[in-house]
Amino acid sequence: MPHIDNTLPIPNIITLHSLLSGNPPLRPSLRQLTEPRPLEISIASSTEYGHIEVKLGETYVSCKVSAQITSPYEDRPFEGTFAIGTEITPMCSPAFTSGVNADFSTAAPAIVPATAISVNNIDSNKEGQTSATAATNNINNNNNNNNNDNAVTMGGGAVMGLAADQAATEILLSRLIEKAVRRSNALDLESLCIIAGQKCWAVRADVRFLNYDGNLVDAASVAVITALLHYRKPDVEVIGSGEGSELVMYDEKQREMVPLSVLHIPICVTFQFFSTESVERNIKGENANSLVNNKNYIKENSDNDDDDLERMDIDNDAPRGSNEIIIVDATAEEELLSQGSMTVTLNSNKELCQISKSGGLNVDSVRILECCQIASDIVNKWTKEIKKVLAADIEKRRDLRAERVLSVVNDRSTE
Amino acid sequence: MSAYTAKQNILQQVDGSATFQFSTTKIISSITGPIEVARPRNEKPTEAFLSISVRPSTGTPTTREAFLEVKLKKILSCMINMEQYPLSEIQIVVQILESGEREQFTCMELACAVNSLYLALLNAGISLKASFLSSFCASKDDNIIVRPTKEELDTSTANHLSVFSISDGKADELIYSDSIGKTTETELFSALAAISSDVNKINETVREVILQSVVDDYVWKF
Amino acid sequence: MSRFELFSPEGLRVDGRRYNELRAFDCSINTHPHSSDGSAYISQGNTKVLCLIRGPSDTLTTTSGATASSADEPTISVSIIQPPYATTERKSTSRTDRRMAELSIIIKRALQQCIVKKNYSRTLIEVSITILQLDGSLLPACINAATLALIDAGISMYDYISACNVALYDTFPLVDSNSLEENDLSFLTIGIIGNGDKINLLLMEDKVPLDKLQKLIDLGITGCHNIRQLMDNVVREIGIDLLSKKL
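Residue numbers (full-length UniProt numbering), protein chains in the order written: chain A, 1 to 415; chain B, 1 to 222; chain C, 1 to 247.
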């Protein structure tokens, strides 16, 4: 049976080791762990509105916003509609096949697991000892062979990696963008209403993934929100009222186009997690004596919550192994080797719009809060970038328009 | 007559890619192949299997895109040396970035797609029987307008699209011709003549684009 | 906003709970011994979920074409059924519902991390979850039920995976939210393997100010630990019971 992923880049184990064992850990590109690749936003068309191309390193995404007039949903007469199309074609990487979405309903129950790559740990002896002590606390009698525990399993937790199967990737990706932009009310749907219950705008953002080099989500979120900010819909006017009312749409030459009302700028930042620890140690931590604590804990009646809280607090103060390596804006290679990922969506008002970390490596809550801070800085940087590009474009278009108006006046005067 | 631009070798993950733009119509194409056939039932023992998917600029693919896919498959399967790649697949994706014409027309997009695919196939190193390029025109009141604008297309009585093979820098054989609308035989022939001379013009630019990308790719400079 | 007072000045919630109080938690395992290898029923307040597990079985027996068996880990398939009677409005969910598909992928990924994968290479573990009644905290209930069912099936795990929801009312985090709270408030789902404070699962769909996240996570971790304890108590009771029968 042919493998779909026969065209994947072969993950470089040396790359991973340089990442994991270095002090400080290094990325293959020598980029800082928490530094994203340069973001390049460009307006694809000089005449049309709402077509944006975003390059994040080699990752290349374009987004086109369009709007049509339709009738609103019956249960939401005062709102327009907004849909985001995110289809992954083989164009962005041959590892994706087209049309998976089409037979998605049949593919859903049988989900193919991520292919895993095993790497033997360098200092296996040390790891072996610690995991042996940690292994004392077991619920099910898993008589683990400690030598096997030294293996670090890769790829299993990659949410957006090619290593994960495509159906799952597509679903998670589209849901992520949807949650980040649509659910967080980035676009004011009520402003899209024209005549309540009869006519409204249907806005659609189509994301096209052109080239894959990791981190499609972040690039796509920037592309969608920039395209929404850039888009101008034609001005409409309702003339008359009641039965005989008419809807008049003015084109660009007649009236200035109207921007969409975008309430805030949510941007996704994706983190990838790596760890040199075994799964065992990652779960149990250095807290091998917790079993003792637990026994006391069971004897007491757990009715008194406050007491439990205190107990937990004491427990938390104990030092735990949290040597996860966290990187932002992974490349395809890094994504392929990652053991877990998390996507955080924030806006520049320091509001979290969405967090999604499903499975993968277990990460300390403190590290997650750190991640959010890092994300916040990146979001501020990218928001500035977006605003800069849009402002430059408005300037350019204003000049163009002024020229056009002048030429019209000139034409008239010569006639 | 609308301007055109072309660029090769844009994407890294695929074997070949190119964009082609006729004024407001812009298309990007990618080629991967020859690769193993993704679905075993598509495997052909004597020739390559072309999987073509056309993605619209907005919305989900409709019958219109399926229609384009069928036409492109016809054109490409007679231009690619299919026998050279038995039991394998050539994966082709055509993404329409800007449509530039109304829904009822397909000629701008099809011509653009053919030209971008030609560049992408060259970029991917797929063996071709001949070079080929395409152009289109509209006819209105006995006038032939080569590469009409959106508005000219709207008011025309018929539109013609054809693909010519190129030999010695000149349009040679007619590969594919497609006319929609009310037209006469003489009009059709003059349209074909107009398109073939336009193809000659496009060829000059396209050759420069190819030369440029060959120069860019050539790493062993002295 | 809502006509209910979701959190009164006296510190009581809409159903009379305190901020850190879980809803009535009840669970039983081995509820369907004939039709499954492992089964569990869980109720958290009015959210009632049933989970059945088949496996680990041979991957070859399944006809689903795409399942290529992986050499060093089990294939876990998760299917979730939400019948129309689960919610107050009888709406049937379509099979292609993206939200449900996402949910099943999330559950699969969470379980993948707590099962001792290397013991189950080239096997298939089928998890089917039925939502009997829904009143908030859907994902946590599914995950907790799946944990118990996995234990019942005798599949080796590193530890329990327990999950709970935390809603945010102004500045107060409210643990184990019900549907009334979830309709009006932002909430976070948190999942933890074992009793550490390393987070396996973290999901949030609504807006929350960044500085409130810490509070939510802290209360969520405590909630998860409490739920783990409740589940552990039940499992141990049953274990003792089984042992006494053997003797």
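Backbone N, C-alpha and C fix where the C-beta goes; we use that ideal spot for every residue, glycine too.
How far does the alpha helix (DSSP H) with Glu182 of chain C in it extend, from its first residue to its last?
Against the third sequence, residue 182 of chain C aligns to sequence position 182. Note, Glu182 of chain C: alpha helix (DSSP H), Ser179 to Asp184.
Let me know the secondary structure DSSP gives Leu260 of chain A once reduced to three states.
Sequence index remark: in the first sequence, residue 260 of chain A carries index 260 (1-based). Three-state DSSP puts Leu260 of chain A in coil, outside helix and strand.
Proximity of Thr183 of chain B and Ala158 of chain B at Cβ, strictly below 8 angstroms:
Taking the second sequence and counting its residues from 1, one reaches residue 183 of chain B at position 183. Taking the second sequence and counting its residues from 1, one reaches residue 158 of chain B at position 158. Yes; because the gap between Cβ atoms is below 8 angstroms, this pair is in contact.
C-beta contact flag for His225 of chain C and Asn195 of chain C at 8 angstroms:
One-based indexing of the third sequence puts residue 225 of chain C at position 225. One-based indexing of the third sequence puts residue 195 of chain C at position 195. Yes, these two residues count as a Cβ contact at 8 angstroms.
Would you say Arg55 of chain B lies against chain A (beta-carbon separation less than 8 angstroms)?
The residue you call residue 55 of chain B lines up with position 55 of the second sequence. So, interface residue.
Distance, Cα to Cα, Pro234 of chain A vs Arg398 of chain A?
Position 234 of the first sequence holds residue 234 of chain A. Position 398 of the first sequence holds residue 398 of chain A. If you take the alpha carbons of Pro234 of chain A and Arg398 of chain A, they lie about 17 angstroms apart.
Taking Cβ positions, are Ile28 of chain B and Gln91 of chain B nearer each other than 8 angstroms?
Translated into positions along the second sequence, residue 28 of chain B becomes position 28. Translated into positions along the second sequence, residue 91 of chain B becomes position 91. Going by C-beta atoms, Ile28 of chain B is not nearer than 8 angstroms to Gln91 of chain B.
Would the stretch 189-198 of chain A count as touching the stretch 350-370 of chain A if we require 3 or more Cβ pairs under 8 angstroms?
no
Do Phe274 of chain A and Ser341 of chain A count as a contact pair if the criterion is CB distance below 8 angstroms?
For the purposes of this step, residue 341 of chain A is identified with residue 341 of the first sequence, where counting begins at 1. For the purposes of this step, residue 274 of chain A is identified with residue 274 of the first sequence, where counting begins at 1. No, they are not a contact pair.
Ala95 of chain A: contacting residues in chain D (beta-carbon distance under 7 angstroms)
Of the protein chains in this structure, namely A, B and C, none is chain D.
Same chain, Cβ closer than 7 angstroms to Thr59 of chain A, neighbours up to 5 away in sequence not counted
As a working mapping, residue 59 of chain A is identified with position 59 in the first sequence. Leaving aside the five residues that flank Thr59 of chain A on each side, the residues in its chain whose CB is nearer than 7 angstroms to its CB run, in chain order, Asn211, Tyr212, Asp213, Gly214, Asn215, Leu216 and Ala219.
Rounded to whole angstroms, what is the Cα-Cα separation between Ser221 of chain A and Thr46 of chain B?
Here residue 221 of chain A refers to the residue found at position 221 when the first sequence is read from its first residue. Here residue 46 of chain B refers to the residue found at position 46 when the second sequence is read from its first residue. Put simply, the backbone Cα of Ser221 of chain A is about 45 angstroms away from that of Thr46 of chain B.
Which class does Val159 of chain A belong to by DSSP, given the choice of helix, strand or coil?
For the purposes of this step, residue 159 of chain A is taken as the residue at position 159 of the first sequence. Here Val159 of chain A scores only 36 on pLDDT, less than 50, and its place in the model is too uncertain to base an answer on.
Taking the alpha-carbon positions, what's the Thr75 of chain C to Leu124 of chain C distance?
Locating residue 75 of chain C in the third sequence gives position 75, counting from the first residue. Locating residue 124 of chain C in the third sequence gives position 124, counting from the first residue. If I take the Cα positions, the gap works out to 5 angstroms.
Would a check of beta-carbon distances place Thr86 of chain A closer than 8 angstroms to chain B?
One-based indexing of the first sequence puts residue 86 of chain A at position 86. False, the Cβ-Cβ gap to chain B never drops below 8 angstroms.
Could you tell me which whole alpha helix (DSSP H) segments of length 4 or greater appear in the stretch 126-175 of chain B?
Listed in chain order, they are 150-155.
Does the stretch 63-76 of chain A come within contact of the stretch 362-376 of chain A, defined as at least 3 CB pairs closer than 8 angstroms?
no
Pair within 8 angstroms by beta-carbon distance, Lys170 of chain B and Asn200 of chain B
Locating residue 170 of chain B in the second sequence gives position 170, counting from the first residue. Locating residue 200 of chain B in the second sequence gives position 200, counting from the first residue. Against a cut-off of 8 angstroms, the Cβ pair of Asn200 of chain B and Lys170 of chain B comes out as a contact.
Is Ala180 of chain A closer than 8 angstroms to Ile52 of chain A when the C-beta atoms are compared?
Counting from one through the first sequence, the residue named residue 52 of chain A turns up at place 52. Counting from one through the first sequence, the residue named residue 180 of chain A turns up at place 180. Not closer than 8 angstroms, so no.
Measure the alpha-carbon distance for Pro38 of chain A versus Cys92 of chain A and round it to whole angstroms.
Residue mapping note: residue 38 of chain A aligns to position 38 of the first sequence, counting from 1. Residue mapping note: residue 92 of chain A aligns to position 92 of the first sequence, counting from 1. Looking at the two C-alpha atoms, the distance is approximately 19 angstroms.
Determine the direct distance from the alpha carbon of Tyr85 of chain B to that of residue 223 of chain B, and round the result to whole angstroms.
For chain B, the structure presents residues 1 to 222; residue 223 of chain B sits outside this window and is missing.
Just to check my reading of the structure: Glu126 of chain C and Ser77 of chain C have Cβ atoms closer than 8 angstroms, yes? What is that Cβ distance to the nearest angstrom?
Counting from 1 along the third sequence, the entry for residue 126 of chain C is found at position 126. Counting from 1 along the third sequence, the entry for residue 77 of chain C is found at position 77. So it is a contact: roughly 5 angstroms between Cβ atoms.
Alpha helix (DSSP H) segment containing Pro140 of chain C, residue limits
Counted from its first residue, the third sequence places residue 140 of chain C at position 140. That run of the alpha helix (DSSP H) goes Leu138 to Asp152.
Chain A contact residues for Ser111 of chain B, given Cβ-Cβ distances below 9 angstroms:
Taking the second sequence and counting its residues from 1, the one referred to as residue 111 of chain B is at position 111. The sequence shown places Ala at residue 111 of chain B, not Ser. The contacting residues do not exist; Ala111 of chain B stays about 19 angstroms from chain A at best.
In the structure shown, what three-state DSSP assignment does His51 of chain A receive?
On the first sequence, position 51 is the one that residue 51 of chain A refers to. DSSP places His51 of chain A in strand when its eight states are reduced to three.
Less than 8 angstroms separating the beta-carbons of Phe96 of chain A and Ile84 of chain A?
On the first sequence, residue 96 of chain A is found 96 positions in, with the first residue counted as 1. On the first sequence, residue 84 of chain A is found 84 positions in, with the first residue counted as 1. No.
Near Leu219 of chain C, which residues of its chain fall below 7 angstroms by C-beta distance, leaving aside the five closest residues on each side in sequence?
Residue 219 of chain C sits at position 219 when you count from the first residue of the third sequence. Contacts found: Asn20, Val166, Pro173 and Val175.
Sub-8 angstroms separation of Leu187 of chain A and Trp201 of chain A beta-carbons:
Your numbering for residue 187 of chain A matches position 187 in the first sequence. Your numbering for residue 201 of chain A matches position 201 in the first sequence. No. Outside cutoff.
Excluding five sequence neighbours on each side, which residues of the same chain lie with their C-beta closer than 7 angstroms to the C-beta of Asn119 of chain C?
Along the third sequence, read from residue 1 onward, the residue named residue 119 of chain C stands at position 119. The answer, listed in chain order, is Ser156.
Helix or strand or just coil, what does DSSP make of Lys182 of chain B?
The sequence position of residue 182 of chain B within the second sequence is 182, counting from 1. Residue state, collapsed to three classes: coil.
Which residues of chain A have a Cβ atom closer than 7 angstroms to the Cβ of Ile30 of chain B, listed in chain order?
In the second sequence, residue 30 of chain B corresponds to position 30, counting from 1. Reading the sequence as shown, one finds Ser at residue 30 of chain B and not Ile. Under the 7 angstroms cutoff, chain A gives Met91.
Between C:Cys114, C:Glu181 and C:Leu202, which has its C-alpha nearest Ser8 of chain C's C-alpha?
The count along the third sequence starts at 1 and reaches residue 8 of chain C at position 8. Among C:Cys114, C:Glu181 and C:Leu202, the Cα nearest to that of Ser8 of chain C belongs to C:Glu181.
Under 7 angstroms from the C-beta of Gln91 of chain B: neighbouring residues of chain A
Position 91 of the second sequence, counting from 1, holds the residue named residue 91 of chain B. In chain order: Pro90 and Pro94.
How about Ile29 of chain C and Ile151 of chain C: do their beta carbons lie closer than 8 angstroms?
For this step, residue 29 of chain C is matched to residue 29 along the third sequence. For this step, residue 151 of chain C is matched to residue 151 along the third sequence. Yes, they are a contact pair.
Note down, in chain order, every chain C residue with its Cβ under 7 angstroms from the Cβ of Val279 of chain A.
Locating residue 279 of chain A in the first sequence gives position 279, counting from the first residue. Those within 7 angstroms of Val279 of chain A in chain C are Tyr158.
Relative to the C-alpha of Ile221 of chain C, which candidate in C:Ser244, C:Thr189 and C:Asn233 has its C-alpha closest?
On the third sequence, residue 221 of chain C is found 221 positions in, with the first residue counted as 1. Of C:Ser244, C:Thr189 and C:Asn233, the residue nearest in Cα terms is C:Thr189.
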